[in-house]
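Note sheet for the following structure.
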Amino acid sequence: MTAVQISVFLENKSGRLAEVLRAAAQAGVNIRALSLAETIDYGVLRLIVDKPGEARRSLSDAGFTVSETEVIAVEMPDRPGGLAGIVDLVTKRGLNIEYLYAFVGRRGENAIVVFRVDDVSAAVAALQQGGARILSASELAAI
Amino acid sequence: MEFMDRGRLRALQAERLRECVKRVYEKVPHYRRKLDAAGVRPGDIRGIEDITLLPFTSKEDLRENYPFGMFAVPMEEVVRIHASSGTTGKSTVVGYTRADVALWAEVMARTLGAGGTQAGDVVQNSYGYGLFTGGLGAHYGAELIGASVIPTSGGQTKRQLQIMQDFGSTVLCCTPSYALVIGEEGKEMGVNFADLPLRVGFFGAEPWSQSMRQEIEAALHCHALDIYGLSEIIGPGVGFECLEKSGLHINEDHFYPEVIDPTSSEPVPDGELGEVVFTAFTKEALPLLRYRTRDISRIIAEQCPCGRTVRRIQRVTGRTDDMLIIRGVNVFPSQIEEILMRVEGTTPNYLLVVDRKPRGLDELEVEVEVSEQVFSDEMSKLEALSEQIRSEIDNMLGLRVAVRLVEPKSIERSAGKAKRVIDRRDLGR
C-alpha cells in the first residue's frame, strides 16, 4: 500500500530544476506532485509521477543522482483539520515523520498528503486502523 | 656564522659532511644500505662538491622507517619528538637531541635577529604550539635572544589583539594569513596599528607572495619577513629573510642547500629553478642526506647587500608534488581520498578548492560528488554525511574544512589523472 517517490539531488545552480523538468517531459513523464527542500549548497527534489520507472531512467540518463523512495499517499478531506487528523494518526503511535507534502486532487473534494516515515508498515497499519484511505501506486498515478 | 668567509664556510661544510656520512653509515641501517647500494664509502667524501655522490632521502624513506627508524641516536638521547602529516595515514616523525634543540634555538635566533629582534623585545608567538614545529621553534629562538616571549599560540584573535596592545608586542610570529586576520580583526576593533610598538613580523609555514607582504605591512605597520623551514630538516630556522627582503638566507653551515632538476635529479646551475634539497649534517637525532623537499625555488648566489655570506634561495614558488599547505597544515589529496573512502565505502569523485578568504585565512573546501549509494531523500542524512566527512578530516588532519556536496559529473574529469586541486590563492610572485 505504498507509493514510489522519485528523489533527485540538485545543486543550487540556476537552471538545474528546469533541466530535471525538461528531462521528465521528454520521457513523457507527467508530474503529479513535487516538493523541494534546500540548503545553501544543494536541494532535494521529490517527485510523484505517473511513471516512476520511466522517470528514474530518464533522469539517471541525464546525469542526475536519483533514488526511489517508498512513501505513503493518503487521501483526506479537503477541509480545515483534514491534515491534522491524518498526522495525529501517525504521530500518536510514536512514529516519526521525516517529511510530508500535500496537494489538492483534481476533483477538488479531497486532498492528498504524501508521507515519508521511518517505519512504513507501522504507519500504514496506524492509518488503516484510523480509517484513512491510502492510495495505491496506480491510484496515485491516475490522479 | 652568517658572515663567515665563504672559503672557510666551504671547508666547514666539507668537514661536517664527512663526519655526517661516516656517522649515518655506522648508526642508521637505512643509510648503510643506501650508501652500499650506491657504491659510496664514507671515505669517498672529501670536499663539499662530493655531496652529489650521495643518495637522496625522501619523505617515503621516513615513512618506511616510521616512526624512529631513521634516528641516528638511541631514544635515551632523544628529548623531543615532533610530527607533521605524511602523504598517507602515517605522519612524518622527527626527533631532537638536547644538542639539536640548542641548534634549533640558535638558527631561530639568527632568523629573528636578522629582523632586528634583541633582548628587550616582546615577542608574540602566534604559531601553534604542539606537534607542529612552528610554535616551539620560534619560542626557543626568541628565548635564546633574551626577548620576552608571549606563547599565545594560534587563534582567539581578539585576545591576541588585546595582548598585543596591553603588553606592547614588538615582534609577531605567525602564518602570513593569520597576520592578515589579525590586521582585519584589529581594524574592526578600532586598533590603530600605527600607534602600536609592533616593529617586525616573521611569517612562514605556508606559501605567500610579494603582494601579501605589502598588504600585511600596510595593515600592521611593521616589516613582514618570510621565514622558511620544514620539520624534516629542523622546523622553522632553515632559511630567513633579512631586512633587505630579497630572498631567504640559508643557515648553510647546518643545512646545505642544493637545487636539482626534479625529473633527472641532476643539480641545476645556480639561479635556475628546481627542487630544493637539503643535507642536515649537524643534527644528531635525525641527520638527513640530500633530503628532497619537493619545494621549488632557485639559489641566489650573489651576496646580499646585508653582508651575510650565506647563500639565499628565492621565496618558494611551488611544489613538485600535490601537497597543499593550509594554515600551516600539510594536506595531501591522498589523505582526503582515504577519508572519503572510509566514510562512503567507495572513492567518490572529489575536488579540493583552496581559497584565501577576504579576511585572510586560507580555507579548504572539499567538493564531493553525491553518488546514488550515498544519496538520501532526507536532508538530515545528507547533512550528517557532510558533517561526518568534516569531522573525520578534522580528526585526522587537525584542519577544519568546508564540505560541499555536488552533483555527479560536475567535477571536471580529464583524460588522464583527475584534477583534484584548484588553488585560488594569489601566490603570484
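Protein chains in written order, with the numbering used here: chain A, 42 to 184; chain B, 490 to 918.
Ideal Cβ placement from N, Cα and C applies to all residues, glycine included.
Remember, predicted model here, so these are calculated numbers, not experimental data.
In this structure, the alpha-carbon of Gly69(A) lies about 14 angstroms from that of Ala103(A).
In this structure, the beta-carbon distance from Ile785(B) to Arg801(B) does not fall below 8 angstroms. Comparing alpha-carbon positions, the option among Pro640(B), Val582(B), Thr600(B), Tyr667(B) lying closest to Leu620(B) turns out to be Val582(B). Between the alpha carbons of Leu762(B) and Val748(B) lies a distance of about 7 angstroms.
Taking the Cα positions, Ser637(B) is about 24 angstroms away from Val568(B).
By the beta-carbon neighbour count (other beta carbons within 10 angstroms, threshold 16), Ala66(A) is exposed. Per DSSP, Val128(A) is one residue of the alpha helix (DSSP H) stretching across 123–132. When 9 angstroms is used as the limit between beta carbons, Glu896(B) is near these residues of chain A: Phe50, Leu51, Glu52, Lys54, Arg57, Tyr83, Gly104, Phe105, Thr106, in chain order.
In the DSSP assignment, Ala891(B) forms a beta bridge with Glu854(B). Between Ala769(B) and the set Arg552(B), Ala561(B), Glu553(B), the nearest pair of CA atoms involves Ala561(B). When Cβ pairs closer than 8 angstroms are counted between the two stretches, the segment 854–872 of chain B is seen not to touch the segment 815–824 of chain B, the count staying below three. The beta strand (DSSP E) runs of length 3 or more contained entirely in the segment 661–721 of chain B are, from start to end of the chain, 689–692, 712–719.
Annotation: the segment 569–647 of chain B contains the following complete segments of the beta strand (DSSP E) (minimum length 3 residues), in chain order: 581–586, 611–614, 637–639. Contact note: Val859(B) reaches chain A through Phe50, Thr106, using a C-beta cutoff of 7 angstroms and chain order.
Non-local beta-carbon contacts of Gly796(B) in its own chain, meaning distances under 7 angstroms to residues more than five positions away in sequence, involve Phe492 in chain order. Ile89(A): member of the beta strand (DSSP E) spanning 83–90, first to last residue. The criterion of a C-beta distance shorter than 8 angstroms is satisfied by Thr43(A) and Val165(A). Lys647(B) and Lys846(B) have their alpha carbons spaced roughly 19 angstroms apart. Note: Met117(A) is bridge-paired with Ala152(A) in the DSSP secondary-structure output. The Cβ atoms of Leu633(B) and Ala588(B) lie no closer than 8 angstroms to each other. Judged by DSSP secondary structure, Gln46(A) falls within the beta strand (DSSP E) whose first and last residues are 44–52.
Shown in chain order are the members of the segment 859–873 of chain B whose Cβ falls below 8 angstroms from a Cβ of chain A: Val859, Ser860, Glu861, Phe864, Ser865, Asp866, Glu867, Met868, Ser869, Leu871, Glu872.
Under the DSSP assignment, Tyr520(B) falls in the alpha helix (DSSP H) whose first and last residues are 518–527.
The residue among Ile716(B), Ala594(B), Ser580(B) with its C-alpha nearest the C-alpha of Thr586(B) is Ala594(B). CA-to-CA, the gap between Thr106(A) and Glu896(B) works out to about 7 angstroms. By DSSP's assignment, Val843(B) forms a beta bridge with Leu853(B), Asp912(B).
Counting every other CB atom within 10 Å of its CB across the protein chains shown gives Asn614(B) a total of 16 or more, marking it as buried. Around the beta carbon of Ile81(A), a 10 Å sphere encloses fewer than 16 other beta carbons of the protein chains shown; the residue is thus reported as exposed. Residue-level contact by beta carbon holds for Thr80(A) and chain B, with a gap shorter than 8 angstroms. In terms of beta-carbon proximity, Arg688(B) stays away from the interface with chain A, with every pair separated by 8 angstroms or more. Between Ala631(B) and Gly672(B) a beta carbon distance of about 22 angstroms is seen, past the 8 angstroms cut, so the two are scored as non-contacting.
Arg893(B) belongs to the set of residues whose beta carbon lies under 8 angstroms from a beta carbon in chain A. When beta bridges are read from the DSSP output, Pro746(B) appears opposite Phe767(B). Closest in alpha carbon position to Ile911(B), among Ala694(B), Pro822(B), Gly675(B), is Pro822(B).
Of the residues Ala64(A), Gly84(A), Gln46(A), Ile47(A), the one whose Cα lies closest to the Cα of Lys54(A) is Gly84(A). Glu538(B) and Val590(B) have their C-alpha atoms spaced approximately 28 angstroms apart.
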